[in-house]
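Position in the sequence shown (from 1) plus 228 gives the number in the numbering used here. Have a look at the structure below before the remarks.
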Amino acid sequence: MRLKPLSAFSDNYIWTLEGPAGKALVVDPGQAAPVLAAADRGLEPVAVLLTHHHDDHIGGVRALLQRWPDLAVFSPADERIAFPAITVGDGQQIEAAGIAFEVIAVPGHTRSHIAYYAAEAGDGPLLFSGDTLFSLGCGRLFEGSAAQMHASLSRLATLPAETRVCCGHEYTLSNAAFACVVDPDNPALRRRLEEAQAMREAHRPTLPSTLAGELAANPFLRVATPGVRTGLQQRLGRELVDDIDAFAELRLWKDGFRA
Numbered sequence: 229m230r231l232k233p234l235s236a237f238s239d240n241y242i243w244t245l246e247g248p249a250g251k252a253l254v255v256d257p258g259q260a261a262p263v264l265a266a267a268d269r270g271l272e273p274v275a276v277l278l279t280h281h282h283d284d285h286i287g288g289v290r291a292l293l294q295r296w297p298d299l300a301v302f303s304p305a306d307e308r309i310a311f312p313a314i315t316v317g318d319g320q321q322i323e324a325a326g327i328a329f330e331v332i333a334v335p336g337h338t339r340s341h342i343a344y345y346a347a348e349a350g351d352g353p354l355l356f357s358g359d360t361l362f363s364l365g366c367g368r369l370f371e372g373s374a375a376q377m378h379a380s381l382s383r384l385a386t387l388p389a390e391t392r393v394c395c396g397h398e399y400t401l402s403n404a405a406f407a408c409v410v411d412p413d414n415p416a417l418r419r420r421l422e423e424a425q426a427m428r429e430a431h432r433p434t435l436p437s438t439l440a441g442e443l444a445a446n447p448f449l450r451v452a453t454p455g456v457r458t459g460l461q462q463r464l465g466r467e468l469v470d471d472i473d474a475f476a477e478l479r480l481w482k483d484g485f486r487a
């Protein structure tokens, strides 16, 4: 199986994954052009996976359906996704391009956000996390609560450590700038920053990351750790009530952060 991110807009990734028969699935095609260009190079899409309704993740679907009318489009149940799709929800098992996925509800960024997890996808487990879990970060809370997003991330954190995390944006360096302020004494974070800097200097994606790497360095998965707690409490000048309080304050801090 071949996993590849296609660049879209300024920082989006459209993920493609070729299945065992050479047919491919496409994840969150906010633009059609990168997928059509990949098709000219031999990509054969048979399925589309959508994580949420934002236009930079679904905007290219209609054009792809014009090119390939038989595409199987999987999406969350959301009235804002206004084209034919197979709606799926938490705990469902689906098959796309010959690959088995579990659908995981991860509300927070949007109320209907889902992720797709494949326990066996070539080189090991694979997670398409959309805008929920980023490398060294997480999505903004546009429609959900801090408690919902914390619960969603905590659920993803239970997946196997070797899971490859394929998220929707190239945000690693900007997320790292914030993470290093929050958790400055974390050696795993420093190593990830150096690795990501080298990748971007070489014009390579910093993704996929691994869940093990995120658990070691992503502050939004580490709100219970002393390093992150200390940084938050120093900023707030008070004790934190619990992990949800810590997560909510961390997300608010990130929302206003400028490197």
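Beta carbons are placed, not taken as given, at the ideal position from N, Cα and C, and that holds for glycine. Note that the structure is predicted; figures quoted are calculated from it, not measured.
Close beta carbons around residue i, own chain, < 7 Å, minus the five adjacent residues each side
i    : result
G250 : E272
E467 : Q461
V289 : P257, V276, V301 and F311
A347 : P353
P436 : R392, V393 and C394
N240 : G258, D284, G396 and H397
W296 : P273
C366 : T360, M377, L381 and F448
N403 : F362, S363, L364 and G365
G336 : T360, G367, L369, G372, Q376, M377 and S380
A416 : A444 and A445
R463 : W481
A476 : A374
C-beta contact flag for residue i and residue j at 8 Å
i    : j    : result
T338 : H280 : yes
F362 : C395 : yes
L299 : V274 : yes
V263 : L234 : yes
A375 : G358 : no
L364 : R420 : yes
Nonlocal neighbours in the same chain, by C-beta distance under 8 Å from residue i, ignoring five residues either side
i    : result
F237 : G258, Q259 and D284
L387 : Y345, P353, L355 and L439
E390 : G352, P353, T438, L439 and A440
Q320 : E330 and V331
A430 : none
Q425 : L401
Straight-line Cα distance separating residue j from residue i
i    : j    : result
G247 : L443 : 28 Å
P412 : I332 : 32 Å
L384 : E423 : 23 Å
L278 : D256 : 5 Å
P433 : M427 : 6 Å
D483 : T458 : 19 Å
G287 : G465 : 44 Å
N446 : I327 : 28 Å
L478 : A452 : 12 Å
F370 : V334 : 13 Å
L253 : M229 : 11 Å
Y399 : L292 : 26 Å
I309 : S340 : 11 Å
A325 : L480 : 39 Å
D306 : H282 : 11 Å
P304 : I322 : 13 Å
A349 : L401 : 27 Å
D318 : D268 : 35 Å
A226 : A261 : Since the displayed the chain opens at 229 and closes at 487, residue 226 lies outside it and no answer follows.
F485 : N414 : 19 Å
P454 : G270 : 49 Å
Start and end residues, alpha helix (DSSP H) containing residue i
i    : result
S382 : A374 to L384
P454 : P454 to L464
E422 : P415 to E429
R295 : V289 to R295
E330 : Premise fails: E330 lies in the beta strand (DSSP E), I327 to A333, not in any alpha helix (DSSP H).
Contact set for residue i: own chain, Cβ-Cβ below 6 Å, skip 5 residues either direction
i    : result
A487 : A405
A265 : none
R450 : V456
Heavy atom of the ligand MN within 7 Å of residue i beta-carbon
i    : result
R392 : The ligand MN is not part of the structure shown, which contains no ligands of any sort.
For residue i, the first and last residue of its enclosing beta strand (DSSP E)
i    : result
T244 : N240 to E246
L355 : L354 to G358
F302 : A300 to P304
E323 : Q321 to A324
P273 : P273 to L277
_Under 8 Å: do the region 462-480 and the region 369-388 share three or more Cβ pairs, one atom per stretch?_
yes
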